[in-house]
Amino acid sequence: MKFGILINEGPYQHQSSDSAYQFAKASIEKGHTIFRVFFYHDGVNNATNLTAPPTDDRNVTLRWTELAQEHDVDLVVCIAAALRRGILDESEAKRQNKANFNLADGFRISGLGQLIEAGIQCDRVVVFGD
Amino acid sequence: MEDEMMEGGVVKKFMYVNRKAPYGTIYALESLEVVLIAAAFEQDVSLIFMDDGVFQIKKGQKTDGVDMKNFSPTYRALEMYDIEKLYVCKESLEARGMSEDDLIVDVEVLERAALQDLMDEQDVVFSF
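Line by line, the protein sequences are chains A and B.
This note's numbering puts the first residue of the first sequence at 2, with every later residue one more than the last.
This note's numbering puts the first residue of the second sequence at 43, with every later residue one more than the last.
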């Protein structure tokens, strides 16, 4: 089955990103496809490469990056939600005249149309939120 | 906005479930942003307002005191995007002492059980 995933909450404060990760990993192990993971609302905060959790804890962002690299999962961060919350890639940082950017490897910034497209293309879209 | 607008004529039933108050958190505003983008994809779109989500379409919102933008007029514009299927949970309205007359848009008020049936018919349900 082809799955789309929507994550609406940030890391650590909420478990939704953890649950979504475990769902994605289990789906792939069972032979399903993750067409796209879309990060919205505070979910965009999962994509910052500036998190530095204690070493005995899971690294939520790094786990997504590794999943994307190992299984070619498309991780998309909503641009409007990201700009509001200070998640920028290099080209957006330039465009917004900011000195730094912080989008983690494996993620890309794009529009809400990517979420709708996932809804159209996938057999199921699973929402992980509050 | 992007080149994925053309999806080969696939039309699915998309439902947006609005459960949260308009202010206090950003869910309602950002959910409305999704709905407006979705309109461009020519899908079969419907919206449900339930729980505190019924406050999103309440008449007479005044937000100056909390320095937030009153975005409730945008719900009135949904009609122009051909989004006309708006449903409101009867029990949620009554629990908050509200009626259909308190709402800024034309809606169909349905009981919880009828909303469940409606949800069952959908291909994609986004809950915010």
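Virtual Cβ for every residue (Gly too), placed ideally from N, Cα, C.
All figures in this text were calculated on a predicted structure; none of them were measured in a lab.
Checking contacts by CB at 8 Å: is residue i closer than that to chain A?
i                        : result
valine 96 of chain B     : no
valine 17 of chain B     : Look at the range of chain B in this structure, 43 to 170, and you will see that residue 17 of chain B is not part of it.
serine 169 of chain B    : yes
tyrosine 58 of chain B   : no
isoleucine 90 of chain B : no
Quick one: what does DSSP say residue i is sitting in, helix, strand or coil?
i                         : result
isoleucine 121 of chain A : helix
valine 52 of chain B      : coil
glycine 112 of chain A    : coil
asparagine 47 of chain A  : helix
aspartate 162 of chain B  : helix
serine 169 of chain B     : strand
isoleucine 68 of chain B  : coil
leucine 89 of chain A     : coil
Does the beta carbon of residue i come closer than 8 Å to any beta carbon on chain B?
i                      : result
alanine 81 of chain A  : yes
tyrosine 41 of chain A : yes
valine 78 of chain A   : no
Taking the beta carbon of residue i as the centre, do at least 16 other beta carbons fall within 10 Å, making it buried, or is it exposed?
i                        : result
valine 76 of chain B     : buried
alanine 83 of chain A    : buried
aspartate 43 of chain A  : buried
aspartate 124 of chain A : exposed
Roughly how many whole angstroms lie between the Cα atoms of residue i and residue j?
i                        : j                         : result
glutamate 133 of chain B : lysine 104 of chain B     : 25 Å
methionine 2 of chain A  : methionine 140 of chain B : 43 Å
serine 18 of chain A     : valine 128 of chain A     : 10 Å
glycine 107 of chain A   : tyrosine 58 of chain B    : 29 Å
alanine 69 of chain A    : asparagine 9 of chain A   : 19 Å
leucine 157 of chain B   : valine 45 of chain A      : 30 Å
Is any heavy atom in the ligand FAD found nearer than 7 Å to the beta carbon of residue i?
i                     : result
leucine 78 of chain B : Within the structure as shown, the ligand FAD is missing, as the structure has no ligands at all.
Quick test of the definition: if touching needs 3 or more C-beta pairs under 8 Å, does the segment 27-36 of chain A touch the segment 53-64 of chain A? no
How do the segment 101-111 of chain A and the segment 119-130 of chain B stand: do at least 3 beta-carbon pairs fall below 8 Å, yes or no? No, they do not touch.
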